[in-house]
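Protein sequences appear in the order of chains A, B and C.
Position 141 of the first sequence, counting from 1, maps to 521 under the numbering used here, and the rest follow consecutively.
Position 91 of the second sequence, counting from 1, maps to 232 under the numbering used here, and the rest follow consecutively.
Position 489 of the third sequence, counting from 1, maps to 559 under the numbering used here, and the rest follow consecutively.
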Amino acid sequence: MTLIRSKTETPNTQKLSISLLKSLLKSKTGIVGFIILVAVVVVAIFAPILAPYDPTLINPTKMLKPPSWIEGGDPSHLFGTDNLGRDILSRIIYGSRVSLLVGISAVVLAGIIGMLVGLVAGFYGGWVDMILMRLVDSFLAIPNILFALVFLAVFGPSVPTLIIVIGVTNWVAYARIVRGETLSVKEREFVKAARTIGVKNSLIIVRHILPNVMSSFIVISTLSVASTIILEASLSFLGLGIQPPTVSWGGILSDGRDYLATSWWLATLPGLAITVTVLGIIFLGDWLRDVLDPRTER
Amino acid sequence: MIKFLIKRLLEFIPVLLIISFIVFTLVFVAGDPVALLLPEDASQEDIENLREALGLDRPFIVQYGTYLSGLLQGDFGKSFRYNSDALPIVLERLPATIELALSAMVVAIIIAIPMGVWSASKRNSFVDLFATGGSVLGKAMPNFWLGIMLILLFSVTLGWLPVSGRGSWMHLILPAITLGTGIAAEMTRLIRSSMLEILSQDYIRTAKSKGLRKFLVIYKHAFRNSLIPVITITALQTSTLVGGALVTETVFSWPGLGQLLIQAINTRDMAIVQASVFVIAILVILMNLIADLLYRVLDPRIKYN
Amino acid sequence: MKKIICFLPFMFVLIVLAACTNNSSTENEQPAETEEGTKETGTTSNGESKELTIAIGSDMLGFDIHNHNNTSTESIHQNMFDYLFKRDENNELQPWLAESYEILDDMTIEIKLKQGVKFHNGDEFKAEDVKFTLERVATDETLKENPNYKQIKEVKIIDDYTVQIITHAPEPSIIHRLSRLGSGMLPKKYIEENGWDYFLENPIGTGPYKYVEWVRDDRIVMEPFEDYFQGKVGEWDKVTFRIIPEDSTRVSELLTGGVDIATNIPPADWERVESNEGTSLKQEVSNRTLFIVLRATEGYPTADVRVRQAIDYAIDDGTLTEFALQGAGIPTLSMVGPGNFGHEASLYDTYNYDLEKAKQLLEEAGYSDGFEMTLHAPKGRYLQDAEVAELIVGMLAQVGITVNLEFMEWSNFVELRNANENKDAYLLGLGNSMYDGAYSVDWYRSTRMEGHTDYKNEEIDQLLADSQVNMDPATREIQIQEIQKIVAEDVPHINLYLEKINTGVSDRINFTPTSDEMLYVPTITRN
Numbered sequence: 381m382t383l384i385r386s387k388t389e390t391p392n393t394q395k396l397s398i399s400l401l402k403s404l405l406k407s408k409t410g411i412v413g414f415i416i417l418v419a420v421v422v423v424a425i426f427a428p429i430l431a432p433y434d435p436t437l438i439n440p441t442k443m444l445k446p447p448s449w450i451e452g453g454d455p456s457h458l459f460g461t462d463n464l465g466r467d468i469l470s471r472i473i474y475g476s477r478v479s480l481l482v483g484i485s486a487v488v489l490a491g492i493i494g495m496l497v498g499l500v501a502g503f504y505g506g507w508v509d510m511i512l513m514r515l516v517d518s519f520l521a522i523p524n525i526l527f528a529l530v531f532l533a534v535f536g537p538s539v540p541t542l543i544i545v546i547g548v549t550n551w552v553a554y555a556r557i558v559r560g561e562t563l564s565v566k567e568r569e570f571v572k573a574a575r576t577i578g579v580k581n582s583l584i585i586v587r588h589i590l591p592n593v594m595s596s597f598i599v600i601s602t603l604s605v606a607s608t609i610i611l612e613a614s615l616s617f618l619g620l621g622i623q624p625p626t627v628s629w630g631g632i633l634s635d636g637r638d639y640l641a642t643s644w645w646l647a648t649l650p651g652l653a654i655t656v657t658v659l660g661i662i663f664l665g666d667w668l669r670d671v672l673d674p675r676t677e678r
Numbered sequence: 142m143i144k145f146l147i148k149r150l151l152e153f154i155p156v157l158l159i160i161s162f163i164v165f166t167l168v169f170v171a172g173d174p175v176a177l178l179l180p181e182d183a184s185q186e187d188i189e190n191l192r193e194a195l196g197l198d199r200p201f202i203v204q205y206g207t208y209l210s211g212l213l214q215g216d217f218g219k220s221f222r223y224n225s226d227a228l229p230i231v232l233e234r235l236p237a238t239i240e241l242a243l244s245a246m247v248v249a250i251i252i253a254i255p256m257g258v259w260s261a262s263k264r265n266s267f268v269d270l271f272a273t274g275g276s277v278l279g280k281a282m283p284n285f286w287l288g289i290m291l292i293l294l295f296s297v298t299l300g301w302l303p304v305s306g307r308g309s310w311m312h313l314i315l316p317a318i319t320l321g322t323g324i325a326a327e328m329t330r331l332i333r334s335s336m337l338e339i340l341s342q343d344y345i346r347t348a349k350s351k352g353l354r355k356f357l358v359i360y361k362h363a364f365r366n367s368l369i370p371v372i373t374i375t376a377l378q379t380s381t382l383v384g385g386a387l388v389t390e391t392v393f394s395w396p397g398l399g400q401l402l403i404q405a406i407n408t409r410d411m412a413i414v415q416a417s418v419f420v421i422a423i424l425v426i427l428m429n430l431i432a433d434l435l436y437r438v439l440d441p442r443i444k445y446n
Numbered sequence: 071m072k073k074i075i076c077f078l079p080f081m082f083v084l085i086v087l088a089a090c091t092n093n094s095s096t097e098n099e100q101p102a103e104t105e106e107g108t109k110e111t112g113t114t115s116n117g118e119s120k121e122l123t124i125a126i127g128s129d130m131l132g133f134d135i136h137n138h139n140n141t142s143t144e145s146i147h148q149n150m151f152d153y154l155f156k157r158d159e160n161n162e163l164q165p166w167l168a169e170s171y172e173i174l175d176d177m178t179i180e181i182k183l184k185q186g187v188k189f190h191n192g193d194e195f196k197a198e199d200v201k202f203t204l205e206r207v208a209t210d211e212t213l214k215e216n217p218n219y220k221q222i223k224e225v226k227i228i229d230d231y232t233v234q235i236i237t238h239a240p241e242p243s244i245i246h247r248l249s250r251l252g253s254g255m256l257p258k259k260y261i262e263e264n265g266w267d268y269f270l271e272n273p274i275g276t277g278p279y280k281y282v283e284w285v286r287d288d289r290i291v292m293e294p295f296e297d298y299f300q301g302k303v304g305e306w307d308k309v310t311f312r313i314i315p316e317d318s319t320r321v322s323e324l325l326t327g328g329v330d331i332a333t334n335i336p337p338a339d340w341e342r343v344e345s346n347e348g349t350s351l352k353q354e355v356s357n358r359t360l361f362i363v364l365r366a367t368e369g370y371p372t373a374d375v376r377v378r379q380a381i382d383y384a385i386d387d388g389t390l391t392e393f394a395l396q397g398a399g400i401p402t403l404s405m406v407g408p409g410n411f412g413h414e415a416s417l418y419d420t421y422n423y424d425l426e427k428a429k430q431l432l433e434e435a436g437y438s439d440g441f442e443m444t445l446h447a448p449k450g451r452y453l454q455d456a457e458v459a460e461l462i463v464g465m466l467a468q469v470g471i472t473v474n475l476e477f478m479e480w481s482n483f484v485e486l487r488n489a490n491e492n493k494d495a496y497l498l499g500l501g502n503s504m505y506d507g508a509y510s511v512d513w514y515r516s517t518r519m520e521g522h523t524d525y526k527n528e529e530i531d532q533l534l535a536d537s538q539v540n541m542d543p544a545t546r547e548i549q550i551q552e553i554q555k556i557v558a559e560d561v562p563h564i565n566l567y568l569e570k571i572n573t574g575v576s577d578r579i580n581f582t583p584t585s586d587e588m589l590y591v592p593t594i595t596r597n
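Structure representation (structure tokens):
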């Protein structure tokens with residue numbers, strides 16, 4: 381067993397997190413990304429406390445009020461109100477919940493599917509590998525948004541279906557990485573030895589494959605969360621996004637587009653929320669890639 | 142080389158088979174369109190009759206088999222909305238989408254190459270920051286928002302460009318920019334990192350030490366080499382490009398495949414949906430194959446097996 | 071030398087770019103005619119131009135005039151096909167392709183046709199065309215318009231210019247039926263010689279405009295018909311219907327002069343269209359009523375008439391029209407709007423709203439703590455439909471009714487209704503192209519609603535049965551009005567409002583939208 385537990389393969393997690401933190405402090409964009417993301421997560425968790433109003437509360441007397449810092453703005457509505465007099469700040473705060481929920485759950489789902497497919501394909505090889513890789517090619521050939529549109533039209537747009545469809549379309553990248561890593565690990569002498577002496581496959585997976593794919597996994601995941609948030613907005617635009625009364629950033633942005641010329645804040649502020657969040661995630665992802673990817677020179 | 146090509150082409154077959162299965166299953170689950178085809182007060186008998194006539198009462202496997210054998214003969218079914226064969230309708234719309242996609246690619250290249258090269262050559266400078274920030278912004282902006290803003294600015298306020306539709310080259314500018322921006326963002330990042338990688342390699346360092354002027358080094362050696370991944374990555378963006386076209390075409394009423402598809406999905410015209418997905422998939426696969434070949438041609442270090 | 075070498079990569083980029091540009095420009099040159107066409111329409115801001123461009127939100131559904139019940143498709147078809155009867159500007163039915171008519175008995179109407187009416191291919195319009203057209207839609211049960219024409223048993227040709235339309239039963243609204251969607255006259259000979267599929271690709275009618283081309287999801291082009299029986303409509307040399315689904319794009323096209331008319335302007339842009347130089351907003355009350363269909367099936371709270379009444383009293387139609395619709399709606403308690411046969415004036419432009427009464431009714435019904443219900447609603451189908459639905463949820467919450475609002479994509483919504491999977495309530499808008507109240511109140515017929523809402527009112531059923539075969543207009547009108555009065559009390563539907571049509575029009579032309587939502591080009595003139 382000592383043969384298998386080589387130092388480079390399983391780094392001490394405590395040491396890793398400390399060194400991560402150190403390098404984070406060195407990277408300016410990394411810090412910015414980290415802070416943005418933490419802020420968004422906090423907002424999402426504490427939405428009921430932070431939001432000044434119920435996001436679906438309609439107020440006929442206060443429709444289309446501009447943000448409070450603009451002439452004609454209402455001081456009680458910081459970001460103004462929409463065409464039904466609902467408070468935009470509250471809607472953005474609540475919208476973060478769905479956007480993050482969909483983004484993160486879909487990525488987790490995709491990660492799990494990708495991991496399973498990749499492991500099976502890599503371990504068993506042969507015709508199993510052949511078929512699974514053709515499956516990967518097939519999913520690569522259909523644009524995500526197209527698959528999502530057809531799927532949502534068939535099953536009806538809702539948060540769970542959205543998570544499933546994005547998960548089902550995004551697993552491909554993970555599968556490829558896990559498969560590649562599995563193939564290379566499988567060929568190593570100590571793994572071969574371990575297998576001959578009867579070490580369980582599951583142990584090999586946990587000890588050798590997972591640590592090696594983790595870095596790519598994290599990098600892809602962060603970027604996927606970002607693209608998922610934008611995908612959700614595009615689906616809303618095409619009429620198959622998350623339906624009201626559930627509030628999502630994409631939904632608010634898409635509903636506000638008729639007002640871009642007259643009441644810009646309706647679409648611009650949720651758009652800004654999306655942009656800033658995605659920016660944060662990409663910054664964090666870039667930094668993670670620099671730190672975790674051994675091929676990048678630092 | 143030929144062997145490689147044949148192998149790749151053979152791999153097409155299972156891929157197309159799987160796609161046909163996925164698409165068919167989705168359509169099958171969607172339920173039959175009979176309810177949408179008949180008048181509101183249609184009797185149960187009429188419904189059954191039409192279902193039978195369309196072969197929708199048969200089991201899944203049989204229907205799939207019929208569908209497959211139709212595919213082999215180039216028959217993608219009949220669009221009930223347009224009352225004619227689906228494939229010709231889809232192919233008719235392809236040129237408009239390809240026109241838009243190519244123009245978007247040109248826009249992306251025009252933006253991305255100078256930005257990527259420049260920011261890599263001056264790493265961590267103001268320019269680099271600007272390029273990085275810009276590319277993140279380009280990626281974070283939803284297409285439709287950008288498109289509507291561009292129309293408001295360049296067409297409504299300034300009156301320089303037409304709002305929508307397809308026709309002269311003037312009509313092409315705004316949709317191409319809208320669709321190209323996201324791609325440009327992705328490309329800038331890739332060019333930058335591939336340039337950085339190459340710039341750190343030994344032969345560049347050697348060249349530098351020989352005293353050649355810096356910019357010459359960058360453009361002569363690094364740029365040429367960094368083009369290889371760029372070309373292949375460009376081809377790999379086909380899928381993203383077509384996906385983005387769905388949104389862009391809707392904003393600009395561009396009469397391409399995207400608009401057709403959206404309408405087909407909304408009206409449950411599944412023959413059109415199936416044919417479009419297939420055509421797009423084949424397009425993407427072909428582009429990926431071209432990318433692969435180019436990569437092999439341009440980079441002799443890769444073997445053909 | 072070195073300089074040249076270092077510029078080589080630049081050259082390479084330039085060549086690649088040039089190649090790509092070349093590529094896309096060859097794509098461009100392919101449809102040369104379209105390009106020319108667009109350039110011409112681009113100059114529509116020029117007051118001299120005799121080209122009319124109309125922007126609409128969705129494509130038409132094809133040229134099978136019998137197999138759609140889509141108002142916006144008909145608004146285009148009306149320029150190519152003529153009916154036997156047509157409503158004039160005062161909403162009175164006048165003979166159109168018909169010269170005169172006579173009611174021979176309860177089930178027979180004899181129609182004399184105009185002579186010298188020509189189809190676009192030069193063939194003369196005759197009695198056999200009437201027979202062909204009406205019998206096709208009356209007998210083929212798979213056609214979507216069949217329910218509105220199956221009352222016709224037979225069309226008898228008396229001579230080339232005389233037909234007798236024979237119905238299965240006395241049919242008081244026959245003239246109304248022949249003046250609307252589905253009764254545009256088709257060329258029998260042309261279709262029989264060339265086949266139906268050929269007709270769908272190359273449609274002809276007797277109308278003022280003839281077909282030029284249809285680029286799907288892009289445009290429909292027409293040009294005037296020289297031999298139109300009312301004389302060539304010389305006002306426009308070319309009419310283009312452009313399909314622009316995105317609202318903001320359609321408005322932008324109007325504002326920049328790219329199109330002369332843009333339909334369905336969202337409230338957000340009314341002010342822009344009005345204040346913009348060269349465009350204005352034209353509004354007109356449509357013949358489309360928005361209402362909520364309630365389940366009266368045993369077991370649903372809405373089976374109790376008091377609950378239905380409570381919902382009616384809890385919804386403030388005035389707020390809906392003033393607030394969500396920005397004034398583009400008129401509250402009503404009946405589905406039958408003004409201008410329709412059987413319109414009941416006392417139920418129009420009025421509504422019930424009394425929160426206390428609503429609460430009291432709920433209490434009487436045993437729902438003092440409220441209850442939970444589902445409301446299905448389409449989104450983006452009608453003017454501000456999503457906003458209206460969300461407002462209704464808020465209003466019902468005030469009397470303790472928790473509404474689970476489910477927005478549905480249109481096709482799913484149609485499927486849900488056809489399959490009778492509707493829950494407590496759904497929101498729907500219904501136009502009445504017949505302008506006969508009988509068509510609207512038929513929605514309360516118990517046999518029709520069986521399994522759907524299970525609403526049954528014997529009094530209404532009796533009145534419906536009587537009015538359906540009543541050939542005396544005076545008493546039939548009273549019967550239809552009576553039904554509406556019962557409905558206002560018994561509330562099988564919550565009737566909300568009649569929505570207005572909101573059309574943006576360029577100042578270079580004259581156009582006033584009509585309540586039937588048609589885009590009839592002969593009524594559009596240059597300024």
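All C-beta atoms in this analysis are idealised placements derived from N, C-alpha and C, irrespective of residue type, glycine included.
Discussion item. Using beta carbons (cut-off 8 Å, strictly below), is T436 (chain A) in contact with chain B?
Written reply: Position 56 of the first sequence holds residue 436 (chain A). Answer no: the Cβ-Cβ gap between T436 (chain A) and chain B never drops below 8 Å.
Worksheet item: With respect to the alpha helix (DSSP H) encompassing E426 (chain C), which residues constitute its N-terminal and C-terminal limits?
Response: Looking up residue 426 (chain C) in the third sequence gives position 356. E426 (chain C) -> alpha helix (DSSP H) spans L425 to E434.
Worksheet item: Near G453 (chain A), which residues of its chain fall below 8 Å by C-beta distance, leaving aside the five closest residues on each side in sequence?
Response: Translated into the one-based positions of the first sequence, residue 453 (chain A) becomes position 73. The residues are K445, P446, P447 and G460.
Worksheet item: Are there three or more Cβ pairs, one per stretch, closer than 8 Å when the stretch 133-152 of chain C is compared with the stretch 214-231 of chain C?
Response: yes
Fill in: Other residues of its chain near A325 (chain B): CB distance less than 7 Å, five sequence neighbours each side excluded
Within the second sequence, the letter at position 184 stands for residue 325 (chain B). Closer than 7 Å at Cβ, skipping near neighbours: V248, A249, I252, A253 and G279.
Worksheet item: Is there contact between the stretch 508-519 of chain A and the stretch 407-421 of chain B, where contact requires at least three CB pairs shorter than 8 Å?
Response: no
Practice prompt. Check N357 (chain C) in the structure and name its three-state DSSP category.
Written response: Within the third sequence, numbered from 1, the residue matching residue 357 (chain C) stands at position 287. Strand.
Item to complete: For T111 (chain C), collect the residues of the same chain with a Cβ closer than 7 Å to its Cβ; drop the 5 residues on either side in sequence, then sort them by chain order.
Response: For the purposes of this step, residue 111 (chain C) is taken as residue 41 along the third sequence, with counting starting at 1. At T111 (chain C), the pLDDT of 42 sits below 50, so the modelled position is not reliable; the number obtained from the coordinates is stated separately. If we look at T111 (chain C) and ignore the five residues flanking it on each side, its Cβ neighbours are E121, T123 and T310.
Worksheet entry | Residues within the stretch 450-470 of chain C neighbouring chain A, beta-carbon criterion of under 8 Å | G450, A456, E457, E460, L461, V463 and G464
Practice prompt. Under 8 Å between beta-carbons, which chain A residues line up against G384 (chain B)? List them in chain order, please.
Written response: Residue mapping note: residue 384 (chain B) aligns to position 243 of the second sequence, counting from 1. Near G384 (chain B) (Cβ distances below 8 Å), the residues of chain A are P523, N524, I525 and L526.
Practice prompt. Out of C:S503, C:D524 and C:Q538, state which residue places its alpha-carbon closest to the alpha-carbon of Q148 (chain C).
Written response: Locating residue 148 (chain C) in the third sequence gives position 78, where the first residue counts as 1. Per the Cα distances, C:S503.
Worksheet item: What three-state label does DSSP hand Y268 (chain C) in the structure shown?
Response: Locating residue 268 (chain C) in the third sequence gives position 198, counting from the first residue. Here Y268 (chain C) sits in helix by DSSP.
Item to complete: With a threshold of 16 other CB atoms inside 10 Å of the CB of D337 (chain C), please say whether the residue is buried or exposed.
Response: Within the third sequence, residue 337 (chain C) is the residue found at index 267, counting from 1. The residue you asked about is not Asp; residue 337 (chain C) is Pro in the sequence shown. Buried: at least 16 other Cβ atoms inside 10 Å.
Fill in: Proximity winner among B:N190, B:V371 and B:Q415, relative to K219 (chain B) (alpha-carbon distances)
Locating residue 219 (chain B) in the second sequence gives position 78, where the first residue counts as 1. Of B:N190, B:V371 and B:Q415, the residue nearest in Cα terms is B:Q415.
Discussion item. Tell me the residue span of the alpha helix (DSSP H) that contains R329 (chain A).
Written reply: The first residue shown for chain A is 381 and the last is 678, placing residue 329 (chain A) beyond what the model contains.
Worksheet item: Can you name, in chain order, every residue of its own chain whose Cβ lies under 6 Å from the Cβ of L512 (chain A), other than the five neighbours on each side?
Response: Along the first sequence, one-based indexing puts residue 512 (chain A) at 132. Counting only Cβ-Cβ distances below 6 Å, and skipping sequence neighbours, we find V497 and A501.
Practice prompt. Evaluate K258 (chain C) with the Cβ neighbour count: other Cβ atoms within 10 Å of its Cβ, from every protein chain shown; 16 or more gives buried, anything less gives exposed.
Written response: If you number the third sequence from 1, residue 258 (chain C) lands on position 188. So K258 (chain C) counts as buried.
Practice prompt. Starting from E172 (chain C), follow its DSSP beta bridges and name the residues at the other end.
Written response: For this step, residue 172 (chain C) is matched to residue 102 along the third sequence. BP columns for E172 (chain C) point to C:E180.
Worksheet item: Any residues in the stretch 470-488 of chain C with a beta carbon nearer than 8 Å to a beta carbon of chain B? Which ones, in chain order?
Response: E479, W480, S481, V484, E485 and N488
Fill in: Given G491 (chain A) as reference, the closest of A:G465, A:V593 and A:R669 once Cα atoms are compared
As a working mapping, residue 491 (chain A) is identified with position 111 in the first sequence. When each option's Cα is compared against that of G491 (chain A), the closest is A:V593.
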